[in-house]
Amino acid sequence: MKQKQILILLSLLIFVSSIIYSAETIDALSVFKLPVGAKPISCGGAYNAVSNDVNSIFYNPAGLGNIEKLEFTSMIGLLSLDRTLNTLAIAYPMKLGTIGVGVLNAGVGKISKYTNETKEGEFDYQANSIFISYGKNLQQVNFGANLKIIFDNLNNYSRTGIAADVGIISEIRNNLSIGVKIQNLIGVIGNDSLPLGVALGAKYTPIRPLNILCDITYNLELEQFKINAGIQYIVSKILYFGCGLNDKEVSFGIGINISKFNIHYAFSTDQFNVSNLHFVSLGIKF
Numbered sequence: 026m027k028q029k030q031i032l033i034l035l036s037l038l039i040f041v042s043s044i045i046y047s048a049e050t051i052d053a054l055s056v057f058k059l060p061v062g063a064k065p066i067s068c069g070g071a072y073n074a075v076s077n078d079v080n081s082i083f084y085n086p087a088g089l090g091n092i093e094k095l096e097f098t099s100m101i102g103l104l105s106l107d108r109t110l111n112t113l114a115i116a117y118p119m120k121l122g123t124i125g126v127g128v129l130n131a132g133v134g135k136i137s138k139y140t141n142e143t144k145e146g147e148f149d150y151q152a153n154s155i156f157i158s159y160g161k162n163l164q165q166v167n168f169g170a171n172l173k174i175i176f177d178n179l180n181n182y183s184r185t186g187i188a189a190d191v192g193i194i195s196e197i198r199n200n201l202s203i204g205v206k207i208q209n210l211i212g213v214i215g216n217d218s219l220p221l222g223v224a225l226g227a228k229y230t231p232i233r234p235l236n237i238l239c240d241i242t243y244n245l246e247l248e249q250f251k252i253n254a255g256i257q258y259i260v261s262k263i264l265y266f267g268c269g270l271n272d273k274e275v276s277f278g279i280g281i282n283i284s285k286f287n288i289h290y291a292f293s294t295d296q297f298n299v300s301n302l303h304f305v306s307l308g309i310k311f
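For the numbering used here, count along the sequence shown from 1 and bump the result up by 25.
This is the structure we're talking about:
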């Protein structure tokens with residue numbers, strides 16, 4: 026069984042590589058590159074191999090396969106430079122797998138508008154995406170897929186688009202999981218194509234309270250790799266700590282679970298060095 030899992034992952038990686046290096050696409054929505062969810066953000070956004078969290082909708086839909094109860098989460102981001110980042114997500118497990126729906130809203134306000142070096146006012150940019158997700162566990166392998174419906178508006182110019190992701194998470198050993206996601210297999214918005222991408226992640230548990238996470242993502246537009254890494258320390262069923270690195274940005278956070286409810290806070294430095302970023306998530310497991 027272990028050999029079959031490894032062969033599946035290797036085959037998927039070879040397939041992904043052949044697609045990536047032969048494609049020519051445009052990154053139309055770089056705003057969606059930001060990590061979401063206070064808990065994932067606290068560990069640097071390295072969440073591609075995590076398989077029991079409703080936030081998997083935004084990272085790797087295969088992770089929905091191990092969700093056992095109806096789960097809901099929401100997040101508000103307190104960002105600098107008039108930026109906004111908010112999410113809602115819900116996952117519902119069934120016998121045939123887990124279905125999920127997520128909504129991501131991101132935007133930038135008060136953008137100065139100039140004509141011939143003369144300021145003529147301000148405008149906003151808003152981008153929204155609806156995720157329709159499915160994840161299924163088959164023994165020690167999870168499979169999943171996302172359908173994303175995308176809308177954005179820049180200075181009253183609107184576009185719509187659609188994209189799809191597929192992912193797999195395999196438990197190689199009891200303390201090691203590997204995740205692979207192909208992003209934007211089908212991806213268009215307006216007249217632009219969304220870039221094909223691939224993310225490879227690992228989750229390693231050297232001792233039971235501690236998880237070490239690492240994701241490697243290939244950015245087709247920049248033709249370079251990005252690394253997200255983090256540590257989760259689960260003190261008890263009530264208390265959680267996380268810290269991580271999202272490219273050059275440092276993050277950490279804390280989570281508290283009380284009965285069915287949970288609240289997570291994450292802090293992150295900002296690439297623009299204007300002010301630090303703060304994220305708060307509220308969730309419930311029914």
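The beta carbon of each residue, even a glycine, is placed where N, CA and C say it ideally should be.
Since this is a predicted model, take the numbers as computed values, not measurements.
Look at Lys64 here: in three-state DSSP terms it is helix.
Residue ranges of uninterrupted beta strand (DSSP E) with 3 or more members, entirely inside the stretch 82-150 and ordered along the chain, are 96-103, 108-119 and 122-140. For the beta strand (DSSP E) assignment, the uninterrupted runs of no fewer than 3 residues enclosed by the stretch 236-268 are, from N- to C-terminal side, 249-259. Assignment of Gly215 by DSSP, reduced to helix, strand and coil, places it in the coil class. Spanning the alpha carbons of Phe83 and Val260 requires a straight line of approximately 26 angstroms. In this chain, the beta strand (DSSP E) harbouring Ser276 covers Glu274 to Ile283. The beta carbon of Phe311 lies closer than 7 angstroms to those of Lys94, Leu95 and Lys285 in the same chain, with the five residues before and after it left out.
Residue state for Leu221 is assigned as coil, using DSSP reduced to three classes.
For Asp190, the uninterrupted beta strand (DSSP E) run begins and ends at Tyr182 to Arg198, by DSSP. Contact between the stretch 154-171 and the stretch 117-131 is present: three or more C-beta pairs spanning the two stretches fall below 8 angstroms. With distances taken between CA atoms, Ile203 lies nearest to Val75 out of Val75, Gly267 and Asn181. When Asn199, Met100 and Ala224 are compared, the shortest CA-CA separation from Asn209 is found for Ala224. Distance check between Lys135 and each of Leu129, Leu104, Lys144 and Phe148 places Phe148 closest, using alpha-carbon atoms only.
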